[in-house]
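See structure below.
Protein chains: 2
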Amino acid sequence: MRIGDLASMTRVSVRALRYYEEQGLLASTRSESGQRLYENAAVNRVRLIQQLYGAGLSSKTIAELLPCVDAKVSTPESRERLAAERDRINTQIAELIIARDRLNDIIDATSRPNPECDYV
Amino acid sequence: MRIGDLASMTRVSVRALRYYEEQGLLASTRSESGQRLYENAAVNRVRLIQQLYGAGLSSKTIAELLPCVDAKVSTPESRERLAAERDRINTQIAELIIARDRLNDIIDATSRPNPECDYV
DNA sequence: CTACGACCTCACGTTGACGTCAGAGGCAAG
DNA sequence: CTTGCCTCTGACGTCAACGTGAGGTCGTAG
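Chains as they are written, first to last, in full-length UniProt numbering: chain A, 1 to 120; chain B, 1 to 120.
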């Protein structure tokens, strides 16, 4: 498939896909005229990249990680890196839960008729 | 207290505190010579701001939200905004959990001696 | 008085993940 | 053959939350 097809299938912009290739995250073959061609597997590849971006990983980190995924092997350094990222995500989840609860408190505090303030 | 004191108490940079003021998030009185002065309450204010930033809210959103917190009242629009942000955070938490599990899968898949690959 | 750190106001620099525009070529339909 | 959409390669623009200097003031300890 061509880049536009991959873009619409993944809902990722053409520009982003070219950027992924530039960052070494997404490979493509080229047609005779130089147009990028992708296998069906590229769809899942892009989804994985999106998930990792969504988790807050940088292009550089993802670029270091994907070869491990492809080869299904990891070096001690990459394992350490992965575990560190997982821990960071866990911390971020915990912070988000706190922030969400805080936001709920705010919603509650500002939505109620707020009697303790009305009558003081 | 002066800005440096507030900065060290909150572990937020002086530059950031001035930026918060610039964005309308943090008020200060001024000494005769123009230096910023803060009440003790500013510490909690900064912590709240940090939490909201941590939750992914923008300066603009926080600026719209803080007056509601102060007045302990909310308009229908702000309530809607707050609920939307909470939902966004919930979505983000869910995505992070998925990403974390994905990362754990990768760690497992690349850490194991990987028999099903070694022997195929 | 003088040194020295904390503070002030501009105002430009940084970073990542793209958006966007320019100018040129590619490709199936009519 | 030409219309019209897709694709290509640069290359500059964007946006947020600050970082980082420049150049000057404040305040207090010695």
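Glycine is no exception: its CB is placed at the ideal position from the N, C-alpha and C atoms.
- Query: Got a sec: which bits of the segment 61 to 84 of chain B sit with their beta carbon under 7 Å from any beta carbon on chain A, in order along the chain?
  - Reply: Cys68, Val69, Lys72, Val73, Ser74, Arg79, Leu82 and Ala83
- Message: Measuring CB atoms only, is the segment 84 to 95 of chain B touching the segment 97 to 114 of chain A, in the sense that at least three cross pairs come out at less than 8 Å?
- Response: The segment 97 to 114 of chain A and the segment 84 to 95 of chain B touch, with three or more beta-carbon pairs separated by less than 8 Å.
- Message: Taking only three categories from DSSP, how would you classify B:Thr75?
- Response: Here B:Thr75 sits in coil by DSSP.
- Query: Under a Cβ-count criterion, where at least 16 other Cβ atoms within 10 Å of its own Cβ denotes burial, should A:Gln35 be classed as buried or exposed?
  - Reply: exposed
- Task: Give the C-beta separation of A:Leu96 and B:Gln92 to the nearest angstrom, bearing in mind that I take them to be a contact with Cβ-Cβ under 8 Å.
- Result: 6 Å
- Listed in chain order, which residues of the segment 81 to 113 of chain A have Cβ atoms closer than 8 Å to some Cβ of chain B? Answer set for the segment 81 to 113 of chain A: Leu82, Ala83, Glu85, Arg86, Ile89, Asn90, Gln92, Ile93, Glu95, Leu96, Ile97, Ile98, Ala99, Arg100, Arg102, Leu103, Asn104, Ile106, Ile107, Ala109, Thr110 and Ser111.
- Message: Under 8 Å, Cβ to Cβ, is there at least one residue of chain B near A:Thr10?
- Response: Not one beta carbon of chain B lies nearer than 8 Å to the beta carbon of A:Thr10.
- Item | 8 Å contact criterion, which A:Gln50 and A:Val12 should meet: CB distance rounded | 7 Å
- So is A:Ala42 in contact with chain B if we call contact Cβ pairs under 8 Å? no
- Item | Backbone CA spacing between A:Asp5 and A:Glu21 [nearest angstrom] | 16 Å
- Query: Between B:Gln23 and B:Ala63, which are expected to be in contact by the criterion C-beta below 8 Å, what is the C-beta distance as a whole number of angstroms?
  - Reply: 6 Å
- Query: Is the segment 71 to 83 of chain B touching the segment 105 to 114 of chain A in the sense that three or more CB pairs, one from each, lie closer than 8 Å?
  - Reply: yes
- For B:Arg81, collect the residues of the same chain with a Cβ closer than 8 Å to its Cβ; drop the 5 residues on either side in sequence, then sort them by chain order. Thr61, Glu64 and Leu65
- Please compile the residues from chain A whose C-beta is within a distance smaller than 9 Å of the C-beta of B:Leu52. Ala99, Arg102 and Leu103
- Which chain B residues are close to A:Ala7, counting only those with a beta carbon under 8 Å from its beta carbon? Those within 8 Å of A:Ala7 in chain B number zero; the least Cβ separation is about 21 Å.
- How many angstroms separate the CA atom of B:Val46 from the CA atom of A:Glu32? 58 Å
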